[in-house]
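Data block below; observations after.
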Amino acid sequence: MRQEIREFLEENKIFYLENEPLASYTTIKIGGPCDLLVFPKEKEVLVKLLEFLENTGTPFYILGGGSNLLVADEGFKGVVISLKRLKGIEFLNEEKDEVVLKVKAGTGVNKLISLCLKKGFSGMEFLAGVPATIGGTVRMNAGAFGRSISQVVKKVLLYHRGDLVYCEVSEEDWSYRRFKKEGVILEAELKLEKSEKEVVKRKVLEVLNKRRLTQPISKSTFGSVFKNPPCYYAGQLIEACGLKGYKVGGAEISKKHANFIVNLGRAKAKEVLELMKLAKTNVWEKFRVKLEPEVKFLGIKDGEIF
Ligand SMILES: Cc1cc2nc3c(=O)[nH]c(=O)nc-3n(C[C@H](O)[C@H](O)[C@H](O)COP(=O)(O)OP(=O)(O)OC[C@H]3O[C@@H](n4cnc5c(N)ncnc54)[C@H](O)[C@@H]3O)c2cc1C
0 MRQEIREFLE
10 ENKIFYLENE
20 PLASYTTIKI
30 GGPCDLLVFP
40 KEKEVLVKLL
50 EFLENTGTPF
60 YILGGGSNLL
70 VADEGFKGVV
80 ISLKRLKGIE
90 FLNEEKDEVV
100 LKVKAGTGVN
110 KLISLCLKKG
120 FSGMEFLAGV
130 PATIGGTVRM
140 NAGAFGRSIS
150 QVVKKVLLYH
160 RGDLVYCEVS
170 EEDWSYRRFK
180 KEGVILEAEL
190 KLEKSEKEVV
200 KRKVLEVLNK
210 RRLTQPISKS
220 TFGSVFKNPP
230 CYYAGQLIEA
240 CGLKGYKVGG
250 AEISKKHANF
260 IVNLGRAKAK
270 EVLELMKLAK
280 TNVWEKFRVK
290 LEPEVKFLGI
300 KDGEIF
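In numbering that gives the first Met the number 0, the protein residues as written are 0 to 305.
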């Protein structure tokens, strides 16, 4: 099978790496190799690749910025599709007060925010400092400081089991940290407000400052470990259990924010999972509140996730 996939990739001029360790493609810097790591650059090629993998029954996984992902130490038996090269921003419509941009899934949030700073577009400031791709933020309905990506996304180009559809998005399509429509996100149309460059800059700096003060942003993490349960903050519950700074091997519950796990250098996925289990059990025993992981898992067996 691998040979057949290799031939397909070569015929379609898709760059790939074999047995590539995934650690350096995730922000927490953990994870073993996948069989093939592939980097499609155009959406037509990506669609062809997805169809090929589905038709041949090949397991695959979509990777954005790897900023909310824990990959198994043993890696993943299958194809990982990195969307990092599927990038670009196009102006679709510009009016007096607003602008509509078409953004390819692999475009970095930082790239989009740089453009917003240059042009004075407002709406994305809350994600300043987040090392994600636009596709990943849509899939996860990324949010912070009372805002979420759902507030700016108008349309999404989705591939799902052979169908490629440009769909309008409405409120019902979103829930907390989740875009409900299934499939691979290829592009998103975002509606942003026109504002003053100085105002956008001030908001971005405020967000970066808040993050710097409250989150371990210079360390290797995958952002929030658990979703906030209704009426609570996961970080406060974990902190109240006295777990800030608790370590298992090379993984530590951040001393700065208890809902972050830091890779101190050579952490293993199984050490991170052990810390997650400990936090979850302690919070349940003390508060009878159930914590649900926000982070996504790749190659980790169901039995190891709780
Ligand atoms: C320092 C730091 C700060 C963070 N701050 C925030 C924050 O303020 N708010 C917040 O919500 N999150 C935050 N996060 C978490 C993370 O950045 C978000 O969840 C983000 O949306 C993940 O995007 P990504 O491109 O990195 O996706 P990945 O981590 O690569 O993938 C996440 C999931 O989305 C899927 N996926 C990715 N791209 C696509 C696509 N194109 N189509 C379909 N599925 C896809 C993957 O298969 C996976 O299941 C933070 C993380 C870090 C490291």
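The beta carbon of each residue, even a glycine, is placed where N, CA and C say it ideally should be.
Under 8 Å by Cβ, that's how I've got residue i and residue j pegged, so tell me the actual separation to the nearest angstrom.
i: K295; j: L157; result: With a Cβ gap of about 18 Å, K295 and L157 do not count as contacting.
i: T136; j: I148; result: 5 Å
i: N258; j: S219; result: With a Cβ gap of about 16 Å, N258 and S219 do not count as contacting.
i: L185; j: L45; result: 7 Å
i: A239; j: K285; result: 7 Å
i: V99; j: K153; result: 7 Å
i: N75; j: L272; result: Correcting the residue identity first, residue 75 is Phe in this sequence and not Asn. Contact doesn't hold; Cβ gap of about 16 Å is too wide.
i: V30; j: A268; result: One point to set straight first is that residue 30 is Gly, not Val, in the sequence displayed. That belief holds up - the Cβ atoms of G30 and A268 are roughly 7 Å apart, short of 8 Å.
i: E293; j: F225; result: 6 Å
i: R210; j: G134; result: With 8 Å as the limit, R210 and G134 do not qualify as a contact, their Cβ atoms being about 22 Å apart.
i: V288; j: L236; result: 6 Å
Going by DSSP, what residues sit across from residue i in a beta bridge?
i: R177; result: S174
i: E186; result: K103, L156
i: S223; result: DSSP output for S223 lists no bridge partner at all.
i: N92; result: V99
i: K295; result: L68
i: G142; result: S147
i: D162; result: H159
Nearest by alpha-carbon distance to residue i: which of the options is it?
i: I252; options: L277, Y232, C230; result: L277
i: G65; options: T26, R84, D301; result: T26
i: K300; options: A71, K12, E43, L49; result: A71
i: G306; options: E73, L85, S169; result: Beyond the ends of the chain as shown, which are 0 and 305, falls residue 306; an answer cannot be given.
i: F51; options: E6, G264, A141, N227; result: E6
i: I80; options: F90, I88, P58, E73; result: P58
i: L21; options: Y175, L207, I61, E303; result: I61
i: G63; options: R287, P130, E73, E10; result: P130
i: T213; options: V199, K254, L236, W173; result: K254
i: V151; options: L163, K40, K246, K193; result: K193
i: V108; options: E170, E270, E10, V203; result: V203
i: S174; options: P229, L263, K110; result: P229
i: K103; options: E97, G56, V183, H159; result: V183
i: E171; options: N140, K243, I88; result: N140
i: T55; options: R1, L82, E10; result: R1
For residue i and residue j, what's the separation of their Cα atoms in angstroms?
i: E197; j: G119; result: 8 Å
i: K101; j: R138; result: 16 Å
i: V261; j: K95; result: 45 Å
i: A143; j: S217; result: 18 Å
i: F125; j: E205; result: 9 Å
i: P32; j: R265; result: 16 Å
i: L48; j: G161; result: 11 Å
i: R176; j: N227; result: 10 Å
i: V164; j: K179; result: 15 Å
i: R201; j: G122; result: 13 Å
i: V199; j: E93; result: 18 Å
i: E10; j: E53; result: 18 Å
i: K117; j: F90; result: 14 Å
Report yes or no: do three or more beta-carbon pairs, one from the segment 6-19 and one from the segment 33-40, lie closer than 8 Å?
yes
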